[in-house]
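Our numbering numbers the first residue of the sequence shown as 487 and each following residue consecutively.
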Amino acid sequence: MAVIIHIGLHKTGSSAIQQFLALNASALGSQGVFYAPTMPEWPNHSPLADAFRIGQDSSLGERLLEDLLRRSQGRELLISSEMFCEPQIEASRFLDLLGDQKKKVIAYIRHPCDIVLSAFGERVKYYPNQYTSDVNDHPLAYDPGQLDVLTTWIARNDIELILAPYDRRQWHGGSLCVDFLRMIGASPDQMRANDFRVNESLSYTSVEILRRALLGGIEAHDFDVLLDAMMRLNFRDDRYPLTDENLQFCFERMRYCIGVYQKFFRSGFDEEFLFEPRSFRG
487 MAVIIHIGLH
497 KTGSSAIQQF
507 LALNASALGS
517 QGVFYAPTMP
527 EWPNHSPLAD
537 AFRIGQDSSL
547 GERLLEDLLR
557 RSQGRELLIS
567 SEMFCEPQIE
577 ASRFLDLLGD
587 QKKKVIAYIR
597 HPCDIVLSAF
607 GERVKYYPNQ
617 YTSDVNDHPL
627 AYDPGQLDVL
637 TTWIARNDIE
647 LILAPYDRRQ
657 WHGGSLCVDF
667 LRMIGASPDQ
677 MRANDFRVNE
687 SLSYTSVEIL
697 RRALLGGIEA
707 HDFDVLLDAM
717 MRLNFRDDRY
727 PLTDENLQFC
737 FERMRYCIGV
747 YQKFFRSGFD
757 EEFLFEPRSF
767 RG
């Protein structure tokens, strides 16, 4: 039996993939892939990852993993959680518990500037963060090269790590979910498309309105009301907000990371999309 672990990364369509997998769990099962949604109303990432958070009861993760392996009944076990890339999660302990099981790990790599901008929006949107830094402040909201969250996985020699392009032009059928199915060896036949789009990124203009409200000391309830309005309006941007200096910083970081990533790229990965220009002047 093999275990397939989808680790995101953050802001690479993980919520959409998880929603799709939950919607089609039965169809996947008939193709020999077991995926366990967490809850009907929000089938987000597996709670298994959180069980390996530093400070958690060490037996909790073991029990949850044993239960999933038992329920898979010899089928390939599919686990999806971008939390596995968070530093507070003991990913190595999780992998060690899988022992000699064949382990395939999938992650999508995104344009370095776009992932910074998208992660910035997510940090501002979550009120408890009280994240009020400017989008161009250092440290940036996310590692442009994404290496800091992949280091643990790259260091393992007991997994098959596959890095895929977060680039619609390179996705099978032009669809992220169909692309993911192809990577796990499943067919999209008889599967339903997502009923709605999940966890979409807000425009920079909308995020900046939220950030300014945080700077002004907005209360949690009022912030939630404002966030709901921004989600519905989602103003269009008239320029790309990262400065030319930060755009260059992002590209240089990615050039360094490419040297580490190349041996993990899936067949046919065209890295040129990672260096497509963005302009501060719009």
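Glycine included, C-beta positions come from ideal geometry on N, C-alpha and C. It should be emphasised that the depicted structure is a prediction, and the values quoted were computed from it without experimental measurement.
Beta carbon of residue i nearer than 7 Å to that of residue j
{"i": "leucine 551", "j": "valine 519", "result": "no"}
{"i": "methionine 669", "j": "isoleucine 601", "result": "no"}
{"i": "serine 689", "j": "phenylalanine 735", "result": "no"}
{"i": "valine 693", "j": "valine 610", "result": "yes"}
{"i": "alanine 535", "j": "phenylalanine 570", "result": "yes"}
{"i": "glycine 607", "j": "arginine 739", "result": "no"}
{"i": "valine 549", "j": "isoleucine 575", "result": "First, the amino acid is wrong: residue 549 is arginine here, not valine. Cβ distance not < 7 Å, so arginine 549 and isoleucine 575 don't count as in contact."}
{"i": "cysteine 599", "j": "leucine 696", "result": "no"}
{"i": "threonine 498", "j": "arginine 596", "result": "yes"}
{"i": "asparagine 622", "j": "asparagine 510", "result": "no"}
Where residue i falls: helix, strand or coil (DSSP)
{"i": "arginine 579", "result": "helix"}
{"i": "leucine 701", "result": "helix"}
{"i": "glycine 768", "result": "Reliability fails at glycine 768, whose pLDDT of 46 lies under 50, so the model's placement of it is uncertain and no value is given."}
{"i": "leucine 550", "result": "helix"}
{"i": "serine 673", "result": "coil"}
{"i": "leucine 636", "result": "coil"}
{"i": "isoleucine 601", "result": "helix"}
{"i": "serine 689", "result": "coil"}
{"i": "alanine 627", "result": "coil"}
{"i": "histidine 492", "result": "strand"}
{"i": "glutamate 572", "result": "coil"}
{"i": "arginine 557", "result": "helix"}
Status (buried if at least 16 other CB within 10 Å, exposed otherwise) for residue i
{"i": "aspartate 543", "result": "exposed"}
{"i": "glutamate 558", "result": "Correcting the residue identity first, residue 558 is serine in this sequence and not glutamate. By the 10 Å Cβ count, serine 558 comes out buried."}
{"i": "glutamine 587", "result": "exposed"}
{"i": "glutamate 686", "result": "exposed"}
{"i": "aspartate 665", "result": "buried"}
{"i": "valine 489", "result": "buried"}
{"i": "serine 545", "result": "exposed"}
{"i": "glycine 547", "result": "buried"}
{"i": "proline 674", "result": "buried"}
Per DSSP, cross-strand counterpart(s) of residue i
{"i": "leucine 773", "result": "The question about residue 773 has no answer here: the residues shown for the chain are numbered 487 through 768."}
{"i": "serine 566", "result": "His492"}
{"i": "tyrosine 742", "result": "Its beta-bridge partners do not exist; DSSP assigns none."}
{"i": "tyrosine 521", "result": "Leu564"}
For residue j and residue i, believed in contact at Cβ under 8 Å, the rounded distance
{"i": "cysteine 663", "j": "isoleucine 491", "result": "That pair is no contact at about 17 Å."}
{"i": "glycine 560", "j": "methionine 677", "result": "Actually they are not in contact, since the Cβ atoms of glycine 560 and methionine 677 sit about 22 Å apart, beyond 8 Å."}
{"i": "proline 651", "j": "phenylalanine 750", "result": "With a Cβ gap of about 12 Å, proline 651 and phenylalanine 750 do not count as contacting."}
heavy atom of the ligand FAD below 6 Å from residue i C-beta
{"i": "glycine 541", "result": "Judged by which ligands are present, the structure shown has none, so any question about the ligand FAD falls away."}
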